[in-house]
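Participant: Got a structure here, written out as structure tokens. Questions coming.
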Amino acid sequence: MLCVATEYERAFDRYLEEDFVFSRDLGEGHGVPDSNDWKNVKRLGGFLQHFYELTLRVSGTKYITSNTFSDSISCVDTVLQQCRLSDDNDLKKMVELMTSKFNKYWGDVKKFNLMIFVASLFDPRTKLAYLKVTLRGMYGIELGDKVSQLCEEALVDIFNDYKRIHSDNHTTKSSTSSSKPVNVGTSSTSKTFNLFGSVDDTFKALRERNMAEVKRQKIEAGVTEDSNWIGI
29 MLCVATEYER
39 AFDRYLEEDF
49 VFSRDLGEGH
59 GVPDSNDWKN
69 VKRLGGFLQH
79 FYELTLRVSG
89 TKYITSNTFS
99 DSISCVDTVL
109 QQCRLSDDND
119 LKKMVELMTS
129 KFNKYWGDVK
139 KFNLMIFVAS
149 LFDPRTKLAY
159 LKVTLRGMYG
169 IELGDKVSQL
179 CEEALVDIFN
189 DYKRIHSDNH
199 TTKSSTSSSK
209 PVNVGTSSTS
219 KTFNLFGSVD
229 DTFKALRERN
239 MAEVKRQKIE
249 AGVTEDSNWI
259 GI
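For the sequence shown, the working numbering assigns the number 29 to the initial residue and increments by one for each residue that follows.
Right under this line is the structure:
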């Protein structure tokens, strides 16, 4: 709605010049929007466009979305982090409120659904090393590594359950398995982001940054293309 309103900026100016009633009615409220107001509208509209497009992306019903949730959450976190560094006080105030809401659902690792991140590992483009980089960007090194480890353990448990279910010996009791039950409920390379561009641009920049970090870690570890590295 904000983006549509900006298309009528000149119409507002013309009404101000030609329609006395228009000026009088708006004067009873916050007044007629001036150039600074329109700048704020454009800025906030571009910022909120990210969340509108992300909502459409994860709400799709004609394509698989479970593998994209972690990237979507990381994208929101990245946009909020960048906006907290903005010089725009109005934007920073709004971001502070949005960050508190974001942290309510994704800030406590004991509350969010771990399977949101595990599901991303079933996407061939995302492996453990990439997920680890993503989680570090969201939660820091220590907590990010902890969540990454929980995801890896959950993935192993899922595999063991799958193997047990599809094995020839269906009478084997689950208690003989060495895996633990999955608890899904309790569980730097810089890149410039265009905060007011399309969400696809932000996704691309985020993935490029994370992939660059994965490659850097591989080089530091002396990993070659022929090495059997779980994160490749």
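Every residue gets a Cβ at the ideal spot worked out from N, C-alpha and C, and that includes glycine. The model shown is predicted, which means the values in this text are computed figures rather than measured ones.
Within 10 angstroms of the Cβ of Thr34, are there 16 or more other Cβ atoms? Answer buried if so, exposed if not.
Facilitator: On the sequence shown, position 6 is the one that residue 34 refers to. Classification of Thr34: exposed, given that the 10 Å Cβ count is below 16.
Participant: Apply the 10 Å Cβ neighbour rule to His58 and answer buried if 16 or more other Cβ atoms are within range, or exposed otherwise.
Facilitator: Here residue 58 corresponds to residue number 30 of the sequence shown, with the count starting at 1. Under this definition His58 is an exposed residue.
Participant: Between Tyr167 and the rest of its own chain, which residues show a CB-CB distance below 7 angstroms, the 5 nearest in sequence each way excluded?
Facilitator: Here residue 167 corresponds to residue number 139 of the sequence shown, with the count starting at 1. So the qualifying residues of the chain are Val175.
Participant: In whole angstroms, what separates the C-alpha of Arg52 from that of Tyr43?
Facilitator: Along the sequence shown, read from residue 1 onward, the residue named residue 52 stands at position 24. Along the sequence shown, read from residue 1 onward, the residue named residue 43 stands at position 15. Distance between the alpha carbons of Arg52 and Tyr43: 11 angstroms.
Participant: When burial is assigned at 16 or more other CB atoms within 10 Å of the CB, is Arg164 buried or exposed?
Facilitator: Within the sequence shown, the letter at position 136 stands for residue 164. That one is buried.
Participant: Are the Cβ atoms of Cys103 and Leu183 separated by less than 8 angstroms?
Facilitator: By one-based count along the sequence shown, residue 103 stands at place 75. By one-based count along the sequence shown, residue 183 stands at place 155. No, the pair does not count as a contact, with Cβ atoms beyond the cut-off.
Participant: Could you tell me the alpha carbon to alpha carbon distance between Ile193 and Thr127, rounded to whole angstroms?
Facilitator: Within the sequence shown, the letter at position 165 stands for residue 193. Within the sequence shown, the letter at position 99 stands for residue 127. Taking the straight line joining both Cα atoms gives about 42 angstroms.
Participant: Give me the Cα-Cα distance between Ile247 and Gly172, rounded to the nearest whole angstrom.
Facilitator: If you number the sequence shown from 1, residue 247 lands on position 219. If you number the sequence shown from 1, residue 172 lands on position 144. The alpha-carbon atoms of Ile247 and Gly172 are separated by roughly 21 angstroms.
Participant: Which value, in whole angstroms, describes the spacing of the CA atoms of Arg237 and Thr230?
Facilitator: Residue numbering aside, residue 237 sits at position 209 when the sequence shown is read from its first letter. Residue numbering aside, residue 230 sits at position 202 when the sequence shown is read from its first letter. Using only the alpha carbons, I get a separation of about 10 angstroms.
Participant: Got a sec, what are the start and stop residues for the alpha helix (DSSP H) Thr154 sits in?
Facilitator: For this step, residue 154 is matched to residue 126 along the sequence shown. Element bounds for Thr154: n/a, residue is neither H nor E.
Participant: Would you mind reading off the limits of the alpha helix (DSSP H) that contains Thr96?
Facilitator: By 1-based counting over the sequence shown, the position of residue 96 is 68. Note, Thr96: premise wrong, no alpha helix (DSSP H); not H, not E.
Participant: Is it the case that the Cβ atoms of Arg85 and Ser98 are separated by a distance below 8 angstroms?
Facilitator: Residue numbering aside, residue 85 sits at position 57 when the sequence shown is read from its first letter. Residue numbering aside, residue 98 sits at position 70 when the sequence shown is read from its first letter. Taking 8 angstroms as the Cβ cut-off, Arg85 and Ser98 do not qualify as a contacting pair.
Participant: Let's see if you can read the secondary structure: which residues bound the alpha helix (DSSP H) around Ala33?
Facilitator: Counted from its first residue, the sequence shown places residue 33 at position 5. It spans Leu30 to Thr34 - the alpha helix (DSSP H) in which Ala33 sits, taken as one unbroken run.
Participant: Got a sec, what are the start and stop residues for the alpha helix (DSSP H) Phe145 sits in?
Facilitator: Position 117 of the sequence shown holds residue 145. Counting along the chain, the alpha helix (DSSP H) containing Phe145 begins and ends at Met143 to Val146.
Participant: Give me the residue from Asn117, Val123 and Gln177 with the minimum Cα distance to Val146.
Facilitator: In the sequence shown, counting from the first residue as 1, residue 146 sits at position 118. Among Asn117, Val123 and Gln177, the Cα nearest to that of Val146 belongs to Gln177.
Participant: According to the Cβ coordinates, are Asn95 and Phe140 closer than 8 angstroms?
Facilitator: As a first step, residue 95 is located in the sequence shown; it is residue number 67 there, counting from the start. As a first step, residue 140 is located in the sequence shown; it is residue number 112 there, counting from the start. In this structure, Phe140 does not lie closer than 8 angstroms to Asn95 by Cβ.
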